[in-house]
Every structure is written in C-alpha cells, then in structure tokens.
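K.L.:
Take the sequence shown: its position 73, counted from the start at 1, is 100 in this note's numbering, and no numbers get skipped.
Idealized CB from N, CA, C, for every residue including glycine.
First the structure, then my questions, so here it is.
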Amino acid sequence: MLKFEAVKKETSILDTRAGGARTVIPSEVRRDPLTGRTSRICHFMELKWQKPDFEKMIEGTQSWCPFCRERVLQVTPLFPPEILAEGRLTRGDMVLFPNLAPYDSLSAVATFGDRHFTPMTEFTPAQVAQAFGLAQDFFRRVEDAGHPESVYHLVNWNHMPPAGSSLIHSHLQVFATSDAPNLLAQELAAAERYRAETGRVYWDDLLAREREEGSRYLGARGRAHFLQSWAPLGVAGDVLAIVEGVSSTLELTGEDLLALGEGLCTAMKACDALGVYGFNMNFFPGKRGDRHARFHLLFSPRTFFNQALGTTDVGALRNLYNEGICMAYPEEIADRLRPFFAG
Ligand SMILES: [Zn+2]
Numbered sequence: 028m029l030k031f032e033a034v035k036k037e038t039s040i041l042d043t044r045a046g047g048a049r050t051v052i053p054s055e056v057r058r059d060p061l062t063g064r065t066s067r068i069c070h071f072m073e074l075k076w077q078k079p080d081f082e083k084m085i086e087g088t089q090s091w092c093p094f095c096r097e098r099v100l101q102v103t104p105l106f107p108p109e110i111l112a113e114g115r116l117t118r119g120d121m122v123l124f125p126n127l128a129p130y131d132s133l134s135a136v137a138t139f140g141d142r143h144f145t146p147m148t149e150f151t152p153a154q155v156a157q158a159f160g161l162a163q164d165f166f167r168r169v170e171d172a173g174h175p176e177s178v179y180h181l182v183n184w185n186h187m188p189p190a191g192s193s194l195i196h197s198h199l200q201v202f203a204t205s206d207a208p209n210l211l212a213q214e215l216a217a218a219e220r221y222r223a224e225t226g227r228v229y230w231d232d233l234l235a236r237e238r239e240e241g242s243r244y245l246g247a248r249g250r251a252h253f254l255q256s257w258a259p260l261g262v263a264g265d266v267l268a269i270v271e272g273v274s275s276t277l278e279l280t281g282e283d284l285l286a287l288g289e290g291l292c293t294a295m296k297a298c299d300a301l302g303v304y305g306f307n308m309n310f311f312p313g314k315r316g317d318r319h320a321r322f323h324l325l326f327s328p329r330t331f332f333n334q335a336l337g338t339t340d341v342g343a344l345r346n347l348y349n350e351g352i353c354m355a356y357p358e359e360i361a362d363r364l365r366p367f368f369a370g
C-alpha cells in the first residue's frame, strides 16, 4: 500500500572550523511511494540564492532572438501539409512551429508571445493557460489526424539558462510520442500495478493522504491540487500538481489550464522570493483511456550553485544515478511556499 519510507542517516565529523568539535550532520534517503525511486535530503543550506543582473544577462540577446516578433514568422520552420496545412498554429501573439531539434517525430516549440524576457514574477495565469491551450490545439490536430505518435501529449518548460534553456525568450517544448520518457513510463507501469492490486488510482490515494497529513500540501485551484513531492528530484524541492478526475492531456478543460496557470504562477512567485529565477516543468499524463493514470505535472526550481562559474545544480549523482538531491526537508519548503498559495 501507499507508504512514505525514509531512512535517516547521520555523519559524524571532527570539525576543524569549530576547534575539532564532534559534529553530527543528518541526512535522509526517501523512497517514492509509487516507483521506489530514491531521493536524498542532504547538503542542508538556507534556500537563498542570488539573482543575476538580468539587464546584463539579456543584453544583446534580443537582436538575434528567433522568437521575437520581427523574426518568428520568418525564421522558424513550418509543418508539412500532412501534419498542419497552415504550417504553424497561433493563439494571440503566441506561435507554435516545428522544433528544429526534435525530440521525436512530432516535436514543436510554442512561444509565450512577443515579449522577449519574462521574469518568473510576471507570467499571468491566463498567459500560461493560453500557451498550454496552444499546445493542446496541436495535440488535437495530430490526434484527429490519427497520427501514430499521438499517444502521450507532453509539454516541457525550461525557463532560463539554469534550467537548460539556451534562449531567454520564454517558450515551451511540445511533443507527442508513443514512447513515454523514462520516469513517466515507470510511473505509469507502477500506477497500473497499483490499480490491479488495489482497484484504486494511486494518485487519488496519494492526494487524499497528502491532504489529510497536510505537511506537504499547499492548496488547490479548481480541480488542480498543489503539494511538495515527498521524494523530490530538484535541489529546492518539486511542486507537484495533480488534476482530479483527469487522465490524459487532452481531457484538461480550459478551467483546468487556468487552474494550473494560477498554481504555477504562485509557485514562480514563491521561488522568486528564494532568489531562484529558473525552473523545469513537465507534464506527466496517461494516454487516453488509462484508468490508472492521473494528469499531473512537476515544477522544479533550478539554480546555478555558482553564478559566476555557471555551476549546474545537476551533478553526477543526479545525472548518472538519477538520484534526487534536495537541500531542505520538503515539509520545510512547503512551509515557505504555503503563504503564497493561501492568497
Ligand atoms: Zn526574443
């Protein structure tokens, strides 16, 4: 059944900085209740980072930016007619076009509109809902066309260089694939086993437990519930959003997209207060008809450990073992974020 397992550990050192005094440093290995994937809560530090001089960072990047209004319709590619007769999709000033560096055969990029640089505090729920809606427009088109890759409808968001973005201009990675990426595939397989064994949906049970227990729960917007992950992947924890009653991306209603936008904008404001200015966000949907799945997404703050050197927060442990490292207890991070969600 659903268990929150943690193994507490201690490291003893003689700290020369404190005259050789014996110092005990705690750490914890947590197991994800669904997949068994482990994360370490360790390297405790205050969750406080320095934001860079944004003006200096973005200086000069606008003159060549392919997503700015004066270039986006000239330099970005078009889908061939068998996929999209009109070549690109738009909603307002947002544009969706093929990814020049595709992740899969149906791989698109969607811009957030004309604005070149949008700090995390300045995204609006309506804007996020509109961008997700544009991604859904693309997914509906390939679904209606019966494309064989129209199985998992995925949206990824890398915001700013610490999160892996090579462009300042805000955009989404939008792709449909019959091959679920690793963690999504592991989750779906485990959730299918859970349903076979219990007759219930793991994510519904998780949400009920988290709401009752309360220490990681942040709040709800519509059918979307926001909480801190028990076993996070990110160094400053992960915000998990679960949408009640929804299994796949195409089932999300306009109200759901707005609710997700509200929660994500709140999470961005809360992370900005920690000095974080980048994040990853991924959709984790089932495919249509997956009764064991619930649509959820992860929002994971990203930061440079050393701004001047550009030191990434993903090192060998996370990259090659896929072991999460989080630098504070998720419950404490939830306490920091919860006031933002209360508003
Ligand atoms: Zn731009």
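Starting from the C-beta of residue 132, find all residues in its chain whose C-beta is less than 6 angstroms away, skip the five residues before and the five after it, and write them out in chain order.
P.N.:
The sequence position of residue 132 within the sequence shown is 105, counting from 1. 176.
K.L.:
Any idea if residue 248 is buried or exposed, counting beta-carbon neighbours within 10 angstroms, 16 or more meaning buried?
P.N.:
As a working mapping, residue 248 is identified with position 221 in the sequence shown. When all chains shown are included, residue 248 counts as buried.
K.L.:
Extract the residue ranges of the alpha helix (DSSP H) inside the stretch 94-127, only unbroken runs of 4 or more that lie entirely within it.
P.N.:
At a cut-off of 4 residues, the continuous stretches assigned as alpha helix (DSSP H) that sit fully inside the stretch 94-127 are 96-102.
K.L.:
Just to confirm, is the Cβ distance from residue 260 to residue 325 under 9 angstroms?
P.N.:
The sequence position of residue 260 within the sequence shown is 233, counting from 1. The sequence position of residue 325 within the sequence shown is 298, counting from 1. For residue 260 and residue 325, yes; Cβs fall inside 9 angstroms.
K.L.:
In terms of alpha-carbon separation, which member of 352, 321, 129 and 242 lies closest to residue 329?
P.N.:
Within the sequence shown, the letter at position 302 stands for residue 329. Closest option to residue 329, Cα to Cα, is 352.
K.L.:
In angstroms with no decimal places, state the Cα-to-Cα distance between residue 62 and residue 76.
P.N.:
As a position in the sequence shown, residue 62 is number 35, starting the count at 1. As a position in the sequence shown, residue 76 is number 49, starting the count at 1. Going from the Cα of residue 62 to the Cα of residue 76 covers about 31 angstroms.
K.L.:
Alpha carbons only, please: which of 48, 205, 213 and 65 is nearest the one belonging to residue 32?
P.N.:
Here residue 32 is taken as the residue at index 5 of the sequence shown, counted from 1. For residue 32, the nearest C-alpha among the options comes from 65.
K.L.:
Go through its chain and collect everything with a Cβ distance to residue 219's Cβ below 7 angstroms, but skip five positions before and after it.
P.N.:
Your numbering for residue 219 matches position 192 in the sequence shown. The answer, listed in chain order, is 319.
K.L.:
What I want to know is whether the C-beta of residue 194 ends up closer than 8 angstroms to one or more non-hydrogen atoms of ligand 1.
P.N.:
The residue labelled residue 194 in the question sits at position 167 within the sequence shown. Yes; taking the cut-off as 8 angstroms, the Cβ of residue 194 has a heavy atom of ligand 1 nearer than that.
K.L.:
Name the residue from 124, 125 and 355 whose alpha carbon lies nearest to the alpha carbon of residue 256.
P.N.:
Working through the sequence shown from its first residue, we reach residue 256 at position 229. The shortest C-alpha separation from residue 256 is found at 355.
K.L.:
What is the DSSP secondary structure of residue 69, counted as helix, strand or coil?
P.N.:
The count along the sequence shown starts at 1 and reaches residue 69 at position 42. DSSP places residue 69 in coil when its eight states are reduced to three.
K.L.:
Terminal residues of the continuous alpha helix (DSSP H) containing residue 140?
P.N.:
As a position in the sequence shown, residue 140 is number 113, starting the count at 1. That residue, residue 140, is in no alpha helix (DSSP H); it is neither H nor E in DSSP.
K.L.:
Using the Cα positions of residue 372 and residue 233, report the straight-line distance between them to the nearest angstrom.
P.N.:
Look at the range of the chain in this structure, 28 to 370, and you will see that residue 372 is not part of it.
K.L.:
Report the three-state DSSP secondary structure of residue 257 (helix, strand or coil).
P.N.:
Start at 1 with the first residue of the sequence shown, and residue 257 comes out as number 230. Correct three-state label for residue 257: coil.
K.L.:
Measuring only from the beta carbon, is residue 81 closer than 8 angstroms to any heavy atom that is part of ligand 1?
P.N.:
Residue numbering aside, residue 81 sits at position 54 when the sequence shown is read from its first letter. Because no heavy atom of ligand 1 lies under 8 angstroms away, the Cβ of residue 81 does not count as near it: no.
K.L.:
In whole angstroms, give me the CA-to-CA distance for residue 137 and residue 121.
P.N.:
The residue given as residue 137 occupies position 110 in the sequence shown. The residue given as residue 121 occupies position 94 in the sequence shown. Cα-Cα distance, rounded: 7 angstroms.
K.L.:
Closer than 6 angstroms by C-beta to residue 106: which residues in its own chain qualify, once you throw out the five before and the five after it? Chain order, please.
P.N.:
Looking up residue 106 in the sequence shown gives position 79. For residue 106, where only same-chain residues beyond five positions count, the Cβ hits under 6 angstroms are 114 and 125.
K.L.:
Measuring only the C-alpha atoms, how far is residue 38 from residue 119?
P.N.:
Along the sequence shown, one-based indexing puts residue 38 at 11. Along the sequence shown, one-based indexing puts residue 119 at 92. One C-alpha to the other measures close to 55 angstroms.
K.L.:
Less than 8 angstroms between the CB of residue 101 and some heavy atom of ligand 2, yes or no?
P.N.:
Here the bound small molecules are ligand 1; ligand 2 is not part of this structure.
K.L.:
Work out the CA separation of residue 341 and residue 347 for me, nearest whole Å.
P.N.:
Here residue 347 refers to the residue found at position 320 when the sequence shown is read from its first residue. Here residue 341 refers to the residue found at position 314 when the sequence shown is read from its first residue. Near 10 angstroms, if we compare the C-alpha coordinates of residue 341 and residue 347.
K.L.:
Can you tell me whether residue 237 is buried or exposed? The criterion is at least 16 other CB atoms within 10 Å of its CB, across all chains shown.
P.N.:
Here residue 237 refers to the residue found at position 210 of the sequence shown. With at least 16 other beta carbons inside 10 angstroms of its own, residue 237 counts as buried.
K.L.:
List the endpoints of the continuous alpha helix (DSSP H) containing residue 367.
P.N.:
The residue given as residue 367 occupies position 340 in the sequence shown. It spans 357-369 - the alpha helix (DSSP H) in which residue 367 sits, taken as one unbroken run.
K.L.:
Can you give the Cα-Cα distance for residue 129 and residue 56, rounded to whole angstroms?
P.N.:
The count along the sequence shown starts at 1 and reaches residue 129 at position 102. The count along the sequence shown starts at 1 and reaches residue 56 at position 29. When rounded, the distance between both Cα atoms is 36 angstroms.
K.L.:
State the beta-bridge partners of residue 328 as determined by DSSP.
P.N.:
Position 301 of the sequence shown, counted from the first residue, corresponds to residue 328. For residue 328, which the question treats as bridged, DSSP gives the partners 306.
K.L.:
Anyone know if the C-beta pair for residue 94 and residue 186 falls short of 9 angstroms?
P.N.:
By 1-based counting over the sequence shown, the position of residue 94 is 67. By 1-based counting over the sequence shown, the position of residue 186 is 159. The answer is no: Cβ separation not under 9 angstroms.
K.L.:
Within its chain, find whatever has a CB closer than 8 angstroms to the CB of residue 160; leave out the 5 residues flanking it on each side and keep chain order.
P.N.:
Position 133 of the sequence shown holds residue 160. So the list reads 118, 281 and 284, once near-sequence residues are dropped.
K.L.:
Contact check, residue 302 vs residue 275 under 8 angstroms by CB: the rounded distance?
P.N.:
The residue given as residue 302 occupies position 275 in the sequence shown. The residue given as residue 275 occupies position 248 in the sequence shown. That belief does not hold up - the Cβ atoms of residue 302 and residue 275 are roughly 36 angstroms apart, past 8 angstroms.
K.L.:
Measure how close the beta-carbons of residue 201 and residue 182 come, nearest whole angstrom, since I'm counting them as under 8 angstroms.
P.N.:
As a working mapping, residue 201 is identified with position 174 in the sequence shown. As a working mapping, residue 182 is identified with position 155 in the sequence shown. Right, the Cβ-Cβ distance comes to about 6 angstroms (below 8 angstroms), so this counts as a contact.
K.L.:
Where DSSP assigns a beta bridge to residue 430, which residues make up the other side?
P.N.:
Since the displayed the chain opens at 28 and closes at 370, residue 430 lies outside it and no answer follows.
K.L.:
Taking the alpha-carbon of residue 166 as reference, which of 134, 350 and 149 has the nearest alpha-carbon?
P.N.:
Here residue 166 is taken as the residue at index 139 of the sequence shown, counted from 1. The residue with the shortest Cα to Cα distance from residue 166 is 134.
K.L.:
With DSSP run on the structure shown, which of helix, strand or coil describes residue 42?
P.N.:
Here residue 42 refers to the residue found at position 15 when the sequence shown is read from its first residue. DSSP, reduced to helix, strand and coil, places residue 42 within a strand of the structure shown.
K.L.:
Verify the contact flag: residue 367, CB atom, against every heavy atom of ligand 1, threshold strictly below 8 angstroms.
P.N.:
Position 340 of the sequence shown, counted from the start, is the residue given in the question as residue 367. Between ligand 1 and residue 367, a heavy atom-to-CB distance of less than 8 angstroms is absent.
K.L.:
I need the DSSP call for residue 53, collapsed to helix, strand or coil.
P.N.:
Along the sequence shown, one-based indexing puts residue 53 at 26. Note: residue 53 maps to strand in three-state DSSP.
K.L.:
So, residue 229 versus residue 321, is the Cβ gap smaller than 9 angstroms?
P.N.:
Mapped onto the sequence shown, residue 229 falls at position 202. Mapped onto the sequence shown, residue 321 falls at position 294. In contact: residue 229 and residue 321 (Cβ atoms closer than 9 angstroms).
K.L.:
What do you get for residue 103, buried or exposed, if any count of 16 or more other CB atoms within 10 angstroms of its CB means buried?
P.N.:
Taking the sequence shown and counting its residues from 1, one reaches residue 103 at position 76. Residue 103 is classed as buried because its beta carbon has at least 16 other beta carbons within 10 Å across all chains shown.
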